[in-house]
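Quick notes on the structure that follows.
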Amino acid sequence: MAADFPAQEDDLPSVTAATQARSVVVEIGNLPIRLRCGSPDFIRQIHERYAGYVSSSDKAKFEFEIELAPHGTLSGDEDARVTWDSGRWLMERGDFRAEWNPSTDKGHIHQTRSPYSLDSVLRIVHTLLLARDGGFLLHASSAIRNGRAFLFSGVSGAGKTTMVRLAPPDAALLTDEISYVVRQDGRYSAVGTPFFGELARVGENLRAPIEVLYLLAKGPENKIEPIDGADAVRGLLGNILFFARDPEFVKMVFDAALDFAARVPVRRLTFVPNSFVWELIV
Amino acid sequence: MSGLVVEMAAKALKLNIPLSVQLDLTYRCNERCIHCYLDHDDHGEMTTAEIKHLLDQMADAGVFYLTISGGEIMMRRDFFDILEHARARLFCVKLKTNGVLIREKEARRLRELGVESIQISIYSHRAEVHDAITKLPGSLRQSIEAVRLLRSQGLLVRLANVLMVQNATDYRGVQALAAELDAKFTIDPTITPMMDGDRSILSLNVDQAALQNVFRDQALVGNVEEFCAPPPGVDEDALDMLPCSAGHTACYVSPYGDVYPCVQFPLPSGNVRRTKFVDIWRDSPQLKEVRSITLRDMPSCSQCTHGATCTRCPGLAYLEGNMRGPSSQDCEKSYARTGIPSENYKARHSSPESFSSPKLVQIQGLQPAEHALAAHVVSGGASA
Amino acid sequence: MKNHQYVTRSTAIAARALGDETMVMSATNSTLFTLDEVASVIWAAADGVTPLEEIVVNKICAQYDIAPGTALQDAQTLVEQLAGHGILLLSDQPLVPSSVSRKEAR
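Protein chains in written order, with my numbering: chain A, 1 to 282; chain B, 1001 to 1384; chain C, 2001 to 2106.
This is the structure:
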């Protein structure tokens, strides 16, 4: 079993310690996950890919042991299968097999060395973790301006990336593809993630309360319209990242969508793809 | 490239036709080259019937250039059966093989079938070096014999030399060998990471000094001054450039039917055992995404002075973690060629702390300019 | 009586339609040719048993509104050119398809 990475609060780890590390803590949305792996090369890969989200703190509530498959067949365009079985969540796709036990907060991942496999596993794990507290992942881009977060949701091509591309320079980008929505004390915040789409840029590791969720539509003029309760929930449900077919989990997601729509304004944003649209927003 | 070839490629691009396909028949091999990026176990190769059906579909879709490779293609018992079918469908067929299984009979049959060319990997003119790389004793002798047999049949043969630490000083010997055998010679200074993402074999890459030597070798690159000239930079037109033909007029099919933009760009884009080839080519969301990427869509590379002239392979960028990001191996080559480092090159070669864990950024007030800078420094290997 | 002329596609080639043109590559020396729309029609019809005049009259004159005399003369020049490059075979007897060593799918 690998030795623990020495805890270092303020100093950056030394070169030798970093090169021999067999674990790393990745923290997204205040969920620190320790990833342990026998391969220091892979740990280094994680450091690079999730730069900005690697915690120098030793503390991690959740732990995953990663075993690298000697060689894997890559998944096709398959979706992952996520099921609940005897107290564990099981996640499977062509390129990974993972399980997580929510009562011990420990899990195991068997995957290829591809960085994309780990991305997918982490997103599924986060979906399951956030759901416990009423949070979720959303197909949406998000940015922070004046200390508040704005989310832009829609399917591929709806304009998520465009909206953040058009943002003024004082807006901080959280993500152009997958927004993390966390719930704390009855309030919803958006946090940055290292997962990017076409923008090909890692989001800033920031957090801010969500001011509005916009459902995107393209049109001849910029305008914002309110959306009533049922339509808002429907729009939200259509964009929540959803993996598991477990009935209890489905209910959790549904309840989360209802609660979110009751507390956070959901509006339709029709926009012309130029930067004037941001003047409407804030 | 001749004007006509360029013209046809441009037409194929306009009509969205997959003009070139590489089909790997198997990943099994009688050699175990130390730099190989493949998993050699058979996980359920396509059958003869499946392959013939695929060839029919490809011909109907307009595929003209068919490169047949692997693994070692002649390990398939149905190899000549497949080849006959390919030639009956009038593909222009290029083969890649180590030649170890080629005797008189095979060479003759290859000529009869009108194969356009055969590429054979030769890693050194010295058996002790070549055989240590292929891990097959006697393989250099057998490969050279194959070249002789193929040339005596009048077939076009190309010796392909992958450059790595173990054979870095032997490429001139291989070039001379090619001349002696009346074959063409091509050198490849890139080690490809394993298809499943394992990057450990990149340690076989030759270093900067060796790369610089290769790029200043007139016998390899021609006009050295031109080849190594500083880049002109990126202008408005350059931003609309496409990276390469992968996904545009070319793609790859694995022995298991998986379609990728290229063998070196293993983005799973569909499987011909589930979906028709032409439907994958036209409608695959992954291929469509690849097609949408121009230089403009690459945050690092569009800002880089090498942007318009770099050899950047989008597949290598994908394997590195971001198909819109830099290909660090090509940053190495651009530097070796011109002496001008890209930002990514500088970031990777700066102090060790550049990749170790930076602190979390706590948001207090808004200081936009500092945030932008912090984001740039913090993202290290990923593009800012 | 005039001799019929028969034309047969060589099998020592690679070929593929690309839009309304056809790419043909000689297997002996890798030279690449493209045939324009009209030439492509003749190429596709060159089965070794249909006389060239028939091909020209039935497939070219009608579709392209060219006078038979001109069309035939142009076709003659074309097939001689292609034969010179070894990608088309000319004969004054029909060539039985089985004399060709492989089945032609297209």
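For glycine and all other residues, C-beta sits at the position ideal for the given N, C-alpha and C. As the structure is a computational prediction, the values presented were derived from the model and not from experiment.
Secondary structure of Asp1237 (chain B) (DSSP, three-state): coil.
In the three-state DSSP reduction, Leu1163 (chain B) falls in the coil class, being neither helix nor strand. Per DSSP, Arg2016 (chain C) is one residue of the beta strand (DSSP E) stretching across Ile2013 to Leu2018. The three-state reading of DSSP puts Glu1084 (chain B) in helix, counting H, G and I together.
Scanning A:Gln111, A:Pro115, A:Pro273 and A:Trp84 for the CA closest to the CA of Trp100 (chain A) turns up A:Trp84. A Cβ-Cβ distance of about 6 Å is found for the pair Tyr1037 (chain B) and Pro1193 (chain B), placing them in contact under the 8 Å criterion. Within the DSSP secondary-structure output, Ile33 (chain A) pairs in a beta bridge with A:Val26 and A:Phe62. At a cut-off of 7 Å between beta carbons, Ser2030 (chain C) contacts chain B. For Gly1197 (chain B), the neighbours in chain A by C-beta distance under 8 Å run, in chain order, Thr112, Arg113, Ser114, Pro115, Tyr116 and Ser117. Separation of His47 (chain A) and Val54 (chain A) (C-alpha to C-alpha, rounded to the nearest whole angstrom) is 6 Å.
Within the same chain, and ignoring the five residues on either side of Leu90 (chain A) in sequence, the residues whose Cβ sits closer than 6 Å to its Cβ are Thr83 and Glu99. At least 7 Å separates the beta-carbon of Val1093 (chain B) from that of Glu1112 (chain B). Residue-level contact check: Leu2072 (chain C) does not touch chain B, since none of the beta carbons of chain B fall below 7 Å from its beta carbon.
Residues of chain C with a Cβ closer than 8 Å to the Cβ of Glu1116 (chain B) are, in chain order, Ala2014, Met2025, Ala2027 and Ser2030. His1349 (chain B) carries a helical assignment under DSSP once its states are collapsed to helix, strand and coil.
Straight across, the Cα-Cα distance linking Ala2027 (chain C) with Ile1082 (chain B) is about 18 Å. Our two residues, Val2056 (chain C) and Ala2039 (chain C), have alpha carbons roughly 10 Å apart in a direct line.
Residue environment: Ser141 (chain A) is assigned as buried (16 or more neighbouring CB atoms within 10 Å of its CB, all protein chains considered).
Proximity of Leu2082 (chain C) to chain B, defined by a Cβ-Cβ separation below 7 Å, is not satisfied.
Only buried fits Lys1333 (chain B), as 16 or more other CB atoms lie within 10 angstroms of its CB. Sequence-distant Cβ neighbours of Ala1168 (chain B) in its own chain, meaning closer than 6 Å and more than five residues away, are Val1206 and Ala1210. Per DSSP, Asp85 (chain A) is one residue of the beta strand (DSSP E) stretching across Arg81 to Asp85. At the C-beta level, Ala2046 (chain C) and Arg2009 (chain C) come within 7 Å of one another. Taking a beta-carbon distance threshold of 7 Å, Met1058 (chain B) does not count as an interface residue toward chain C. Counting along the chain, Val266 (chain A) sits inside the beta strand (DSSP E) bounded by residues Val266 to Phe271. Around Glu198 (chain A), the beta-carbon contacts reaching into chain B at under 9 Å are Glu1289, Ser1292, Ile1293, Asp1297 and Arg1324.
Sequence-ordered contacts of the stretch 1132 to 1163 of chain B with chain A are nonexistent [C-beta pairs closer than 9 Å].
Taking the beta carbon of Gly1321 (chain B) as reference, the chain A residues within 7 Å of it are Arg49 and Pro115, listed in sequence order. Here the stretch 1149 to 1164 of chain B lies against the stretch 1116 to 1126 of chain B, with 3 or more beta-carbon pairs under 8 Å apart. When the alpha-carbon of Leu1025 (chain B) is set against those of B:Val1162, B:Leu1015, B:Gln1218 and B:Lys1052, the nearest one is in B:Lys1052. Minimum Cα-Cα distance from Asp1237 (chain B) among the listed residues B:Asn1161, B:Ser1284, B:Thr1190 and B:Gly1307 corresponds to B:Gly1307. Using beta-carbon distances, Arg97 (chain A) does not count as an interface residue toward chain B, since no partner is under 7 Å.
At least one beta carbon of chain B lies nearer than 7 Å to the beta carbon of Arg201 (chain A).
By the 16-neighbour rule on beta-carbons within 10 angstroms, Pro115 (chain A) is buried. Each residue's CA atom was taken as its position, placing Leu137 (chain A) and Leu151 (chain A) some 12 Å apart.
For Arg1141 (chain B), the CB contacts under 7 Å within the same chain, skipping 5 residues up- and downstream, are Ala1127 in chain order.
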